[in-house]
Amino acid sequence: MSDTVVWLNILGIGLGSYLLRLSFIALWQRLRIPALVDEGLTYVPAAVLAALVVPALVRPEGVIDLSPDNLRLVAGLLAAAVAWFSRSVLFTLVAGMGALWLLTWLDWGTMP
Amino acid sequence: MQRRRDIFTSGVLVVVPMLPGTVPFGMVAGLTAVDAGLSAAQAMTMSLIIFAGAAQLATLQLIAESAVSAVILLTALTINLRLAMYSASLAPHWQHLGRGWQASLAFLLADPNYAVTIQRYRMNDADWRERGHWYFLGSGITLWLTWQAATAVGVFMAARVPGNWHLDFSIPLVFMALLVPVLANRAHALAALTGGTVATLAAGMPFNLGIVTGTFAGIAVGRFAARRRTGG
């Protein structure tokens, strides 16, 4: 991806995100969220986060791989357990990255 | 009557316990940006103007996969749709403010400061009706500055990490830590289950549309499950 395209992506997302933030604050006199949309919006975080997590673990190489050879799946499941009990970003990162490094080392006999 | 400065300070203090979650998240945003091939200036600009971690990380993942810009934009803004929901929720409290105030406060809108501010407004203190935005300002500025500092540390570290440490794996790990607290009930769990499954099956779709497809499928199932439950 060219440098210019990366810049355009960043600026476009920055502008779009700002307009989403400002939307109802600025236009409250004229604009209300329809009930149907409001109800749907509460499911965005759960749906989108899972849509980001699951493929990254289950098909890291582009094909679905549920075997224990899929190190990202094994490390990810361990991290999910840590996330569930600790509710901490830091502990989840430490557990997941640590597990992936350890498994990679056991698998290949070398650290990166 | 509580002074503005005291309300601002209590806003700063309320987010301090959340910073241990914000710092590693921001560092990942910086590290993985450089890992995905962005320059230091691009990595910092993302944090400066987007200021929304989940959207930033999804953007980096899609840039690394060379997705087309329209899909990157669509995916990032879908993730940030919740900001419009927060905007609608805070809007009635800020109608007495001028355009300049509204435009500035909107820039700082993020998950943690929204959560603490709306909770405080719901206590319905007379003092706060006029001055509650100072609380939002204090918490927002603190988060924004912490986010920039953490991103900068990540960018700085990335330039000094040799070899392949699988740093891209930190992206789904952060999402996982964010996902757990939103699985509040059965409808949200079903939305997540559907979102994850559909996104995985659709990951081969052209133009990397799998994430957006999974998201909208998850939203539909979540709403349907909640409606059945309430008989609505």
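Sequences listed follow chains E and P, in order.
Read in order, the letters of the first sequence are residues 18 to 129 in my numbering.
Read in order, the letters of the second sequence are residues 7 to 238 in my numbering.
Ideal Cβ positions, reconstructed from N, Cα and C, are used throughout, including at glycine.
Beta-carbon spacing of residue i, residue j below 7 Å
i         : j         : result
Arg89(E)  : Ala209(P) : no
Ser145(P) : Val21(P)  : yes
Met50(P)  : Val159(P) : no
Gly2(P)   : Ala197(P) : For chain P, the structure presents residues 7 to 238; residue 2(P) sits outside this window and is missing.
Val106(E) : Pro30(P)  : yes
Ala67(E)  : Ile225(P) : no
Thr219(P) : Val71(E)  : no
Ala35(P)  : Thr152(P) : no
Gln108(P) : Ile42(E)  : yes
Ala60(P)  : Ser34(E)  : no
Ala82(P)  : Ala64(P)  : yes
Leu95(E)  : Ala73(E)  : no
Ala100(E) : Val186(P) : yes
Leu199(P) : Thr109(E) : no
Tyr141(P) : Leu115(P) : no
Gln239(P) : Val54(E)  : Residue 239(P) cannot be examined here, being either before or after the span of chain P that is shown, 7 to 238.
Arg105(P) : Arg10(P)  : no
Ala132(P) : Ala193(P) : no
Ile55(P)  : Gln62(P)  : no
Tyr29(E)  : Leu79(P)  : Checking the sequence shown, residue 29(E) turns out to be Gly, not Tyr. Yes, Cβ-Cβ distance for Gly29(E) and Leu79(P) is below 7 Å.
Ser75(P)  : Asn26(E)  : yes
Boundaries of the alpha helix (DSSP H) in which residue i is found, first to last residue
i         : result
Asn119(P) : Asp117 to Tyr127
Phe102(E) : Leu88 to Ser103
Ile55(P)  : Where Ile55(P) is concerned, there is no enclosing alpha helix (DSSP H), given that its DSSP letter is neither H nor E.
Ile27(E)  : Asp20 to Leu44
Asp133(P) : Ala132 to Ala164
Val188(P) : Ser176 to Val188
Asp82(E)  : Run containing Asp82(E): none; DSSP gives neither H nor E here.
Thr203(P) : Arg192 to Leu207
Pro72(E)  : Val61 to Val75
Arg105(P) : Arg105 to Phe113
Ala97(P)  : From DSSP, Ala97(P) is part of no alpha helix (DSSP H); its letter is neither H nor E.
Leu58(E)  : Ala52 to Leu58
Proximity to residue i [Cα-Cα], best of the options
i         : options                                       : result
Leu143(P) : Arg9(P), Gly17(P), Pro168(P) and Ala82(P)     : Gly17(P)
Gln8(P)   : Ile124(P), Val74(P) and His139(P)             : His139(P)
Phe222(P) : Gly57(E), Leu74(E) and Ile81(E)               : Gly57(E)
Trp45(E)  : His99(P), Arg11(P) and Thr15(P)               : His99(P)
Trp173(P) : Leu66(P), Phe14(P) and Pro23(P)               : For the sequence presented, residue 173(P) should be read as Leu rather than Trp. Of Leu66(P), Phe14(P) and Pro23(P), the residue nearest in Cα terms is Leu66(P).
Phe279(P) : Gly27(P), Met52(P) and Val77(P)               : Here chain P comprises residues numbered 7 to 238, so residue 279(P) is not present and cannot be evaluated.
Thr203(P) : Gly29(E), Ile50(E), Asn87(E) and Leu69(E)     : Leu69(E)
Gly43(P)  : Arg235(P), Ile69(P), Gln62(P) and Met52(P)    : Ile69(P)
Ala155(P) : Ala195(P), Phe14(P) and Thr28(P)              : Thr28(P)
Pro23(P)  : Thr148(P), Trp171(P), Ser53(P) and Pro168(P)  : Thr148(P)
Arg49(E)  : Asp41(P), Val161(P), Asp117(P) and Ala97(P)   : Ala97(P)
Met163(P) : Leu37(P), Leu19(P) and Thr15(P)               : Leu37(P)
Ser53(P)  : Val40(P), Tyr127(P) and Trp150(P)             : Trp150(P)
Phe14(P)  : Met211(P), Arg166(P), Gly201(P) and Trp134(P) : Trp134(P)
Phe181(P) : Asp124(E), Leu119(E) and Gly93(E)             : Gly93(E)
Arg235(P) : Gly216(P), Ile217(P), Leu215(P) and Asn191(P) : Asn191(P)
Val40(P)  : Val122(P), Ala112(P) and Pro168(P)            : Pro168(P)
Asp20(E)  : Leu19(P), Ala46(P), Arg128(P) and Gly201(P)   : Ala46(P)
Thr121(E) : Trp171(P), Asn119(P), Gly216(P) and Phe230(P) : Trp171(P)
Gly31(E)  : Gly216(P), Leu103(P), Ala112(P) and His102(P) : Ala112(P)
Val188(P) : Asp117(P), Met129(P), Tyr127(P) and Met211(P) : Asp117(P)
Val122(P) : Gly216(P), Val161(P) and Leu19(P)             : Leu19(P)
Pro26(P)  : Arg104(E), Ala52(E), Ala98(E) and Met18(E)    : Arg104(E)
Trp118(E) : Asp82(E), Val91(E) and Ala98(E)               : Val91(E)
Residue i beta carbon near the ligand FAD (any heavy atom closer than 6 Å)
i        : result
Pro51(E) : With respect to the ligand FAD, the structure offers nothing, as it holds no ligand at all.
Using 8 Å as the threshold, is the segment 24-38 of chain E in touch with the segment 81-96 of chain P, meaning 3 or more CB pairs across them? Per the Cβ contact rule, the segment 24-38 of chain E is in contact with the segment 81-96 of chain P (3 or more Cβ pairs under 8 Å).
At which residue ranges does the segment 10-86 of chain P contain complete alpha helix (DSSP H) runs of 4 or more residues, listed in the order of the chain? Scanning the segment 10-86 of chain P for uninterrupted alpha helix (DSSP H) segments of 4 residues or longer gives 10-21, 25-41, 46-51, 59-70 and 75-85, listed from N- to C-terminal end.
What are the complete alpha helix (DSSP H) segments, minimum 4 residues, inside the segment 212-237 of chain P? Taken in chain order, the whole alpha helix (DSSP H) runs of length 4 or more contained in the segment 212-237 of chain P are 216-236.
Along the segment 56-67 of chain E, what residues have a CB closer than 7 Å to any CB found in chain A? Although the question refers to chain A, the structure presented lacks it and instead comprises the protein chains E and P.
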